[in-house]
Amino acid sequence: MLGEHAIDEPESRFLTALLLVVLALAASRVVLSVVGVFKGRLATFIGSSLTHRLRGEMVQKLQKLAIAYYDRHQVGSLMSRVAYDSEVLHGLVHQLTGGFLLQILQLVGVGGMLIWLNPRLAFYTLIPVPLVFLGTWSFWQLVYPRYYRLWDSSSKQIAALSGMLSGIRVVKAFAQENREFDRFQRNSTYMRDSRLWVENATSVYSAAMQLVFSLGGLIVWYVGGRDVI
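All letters in the sequence shown, in the order written, are residues 236 to 464 by the working numbering.
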């Protein structure tokens, strides 16, 4: 009886410890969910507030410009700048406040913990870092400038459509439907080609960066596995 009691006591302690670990993991999941909701609401509030103020300031600036400015620029293009570009800024702010900053904090926390536990292993995981910097530099030099062409093509397409629809009576009166359609198609083709180049380049860049990031994990498996063996 005493032997069975001695055996059951460590088992009960292990079960209690296991239950505590599971409860701690469950509590961490709840905390992460709450933080995720707070992060999403905060990012949405900041992005919406900034774009709302930006659109108001842009409209006020447009009202103060001279008439000669509107003679040189199409109304549809200006409408695209106010409506579309502000939404692009909203997406950028949402990414910075919602994902990028959190990932930076996680990187600093995990990196500090890894250096504290095993500095040698931490050094090996930093081997792919130069490739990350090289990929980032390549993206900003080669891929990112093409986004300007994409935004420009979008504004030109909206300008062509706005000009055609706002002057539809004149277009029909002089039977210029084919000419206006051809002008719209040229702008639409320009936008299609710009988007295809950007999307294809971005997909290649993302795949390459995923491969580079996975190298750190593979190095940890190899170096850590050798240490275990």
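Just so you know, even glycine gets a beta-carbon here, dropped at the ideal spot from N, CA and C.
**Message:** Quick check: what's the CA-CA separation for Val439 versus Thr251?
**Reply:** Along the sequence shown, read from residue 1 onward, the residue named residue 439 stands at position 204. Along the sequence shown, read from residue 1 onward, the residue named residue 251 stands at position 16. Using only the alpha carbons, I get a separation of about 50 Å.
**Request:** Helix, strand or coil for Leu431, going by three-state DSSP, please let me know.
**Result:** For the purposes of this step, residue 431 is identified with residue 196 of the sequence shown, where counting begins at 1. Note: Leu431 maps to helix in three-state DSSP.
**Request:** Could you please give the first and the last residue of the uninterrupted alpha helix (DSSP H) stretch that includes Pro380?
**Result:** As a first step, residue 380 is located in the sequence shown; it is residue number 145 there, counting from the start. Per DSSP, Pro380 is one residue of the alpha helix (DSSP H) stretching across 379–401.
**Request:** Would you mind reading off the limits of the alpha helix (DSSP H) that contains Tyr304?
**Result:** Here residue 304 is taken as the residue at index 69 of the sequence shown, counted from 1. Segment 302–307, the alpha helix (DSSP H) holding Tyr304.
**Message:** Considering only their Cβ atoms, is the gap separating Ser388 from Ser429 smaller than 8 Å?
**Reply:** Residue 429 sits at position 194 when you count from the first residue of the sequence shown. Residue 388 sits at position 153 when you count from the first residue of the sequence shown. Against a cut-off of 8 Å, the Cβ pair of Ser388 and Ser429 comes out as a contact.
**Request:** Can you give me the Cβ contacts of Ala408 inside the same chain, cut-off strictly under 8 Å, excluding the 5 residues immediately before and after it?
**Result:** One-based indexing of the sequence shown puts residue 408 at position 173. Here the set comprises nothing.
**Message:** Taking its Cβ as the centre, do 16 or more other Cβ atoms sit within 10 Å of Asn422, making it buried, or is it exposed?
**Reply:** Residue mapping note: residue 422 aligns to position 187 of the sequence shown, counting from 1. With 16 or more other Cβ atoms within 10 Å, it is buried.
**Asked** Between Ala410 and Arg404, what straight-line distance do the alpha-carbon atoms span, to the nearest angstrom?
**Response** Counting from 1 along the sequence shown, the entry for residue 410 is found at position 175. Counting from 1 along the sequence shown, the entry for residue 404 is found at position 169. Answer to the nearest angstrom: the Cα atoms are 10 Å apart.
**Message:** With the cut-off set at 8 Å, would you say Ala370 and Ala442 are in Cβ contact?
**Reply:** Stepping through the sequence shown from its first residue, residue 370 is reached at position 135. Stepping through the sequence shown from its first residue, residue 442 is reached at position 207. Contrary to the premise, residue 370 reads as Gly rather than Ala in this sequence. Not in contact: Gly370 and Ala442 (Cβ atoms no closer than 8 Å).
**Prompt:** Does DSSP classify Asn422 as helix, strand or coil?
**Reply:** Along the sequence shown, read from residue 1 onward, the residue named residue 422 stands at position 187. Helix at Asn422.
**Asked** Which first and last residues belong to the alpha helix (DSSP H) in which Trp372 is found?
**Response** Counted from its first residue, the sequence shown places residue 372 at position 137. Counting along the chain, the alpha helix (DSSP H) containing Trp372 begins and ends at 364–373.
**Request:** Please report how far the alpha carbon of Gly282 lies from the alpha carbon of Asp417, in whole angstroms.
**Result:** Working through the sequence shown from its first residue, we reach residue 282 at position 47. Working through the sequence shown from its first residue, we reach residue 417 at position 182. Each residue's alpha carbon lies about 38 Å from the other.
**Prompt:** In its own chain, which residues sit with a C-beta less than 6 Å from the C-beta of Gly451, not counting the 5 before and 5 after it?
**Reply:** Here the question's residue 451 lines up with position 216 in the sequence shown. Cβ neighbours of Gly451 beyond the five flanking positions: Thr360, Pro363.
**Item:** Endpoints, the alpha helix (DSSP H) within which Phe358 is located
**Value:** The residue you call residue 358 lines up with position 123 of the sequence shown. Note, Phe358: alpha helix (DSSP H), 354–360.
**Request:** Compare the C-alpha of Gln295 against each of Arg307, Pro365, Phe368, Val317 and name the closest.
**Result:** Sequence index remark: in the sequence shown, residue 295 carries index 60 (1-based). Residue Val317 is the option with its Cα nearest to Gln295.
**Prompt:** Checking contacts by CB at 8 Å: is Thr437 closer than that to chain B?
**Reply:** Going by chain labels, chain B is absent from the structure shown, which holds only one protein chain.
**Request:** Using the Cα positions of Leu313 and Gly275, report the straight-line distance between them to the nearest angstrom.
**Result:** As a position in the sequence shown, residue 313 is number 78, starting the count at 1. As a position in the sequence shown, residue 275 is number 40, starting the count at 1. Approximately 31 Å between the Cα atoms of the pair.
**Request:** With DSSP collapsed to three states, give me the class of Leu237.
**Result:** As a working note, residue 237 is residue 2 in the sequence shown. Note on Leu237: pLDDT 48, under 50, position unreliable in the model; the coordinate value appears next. Helix.
**Request:** Going by CA-CA distance only, name the one from Asn435, Leu300, Ser315, Glu244 that's closest to Leu377.
**Result:** The residue you call residue 377 lines up with position 142 of the sequence shown. Ranking the options by Cα distance to Leu377, first place goes to Asn435.
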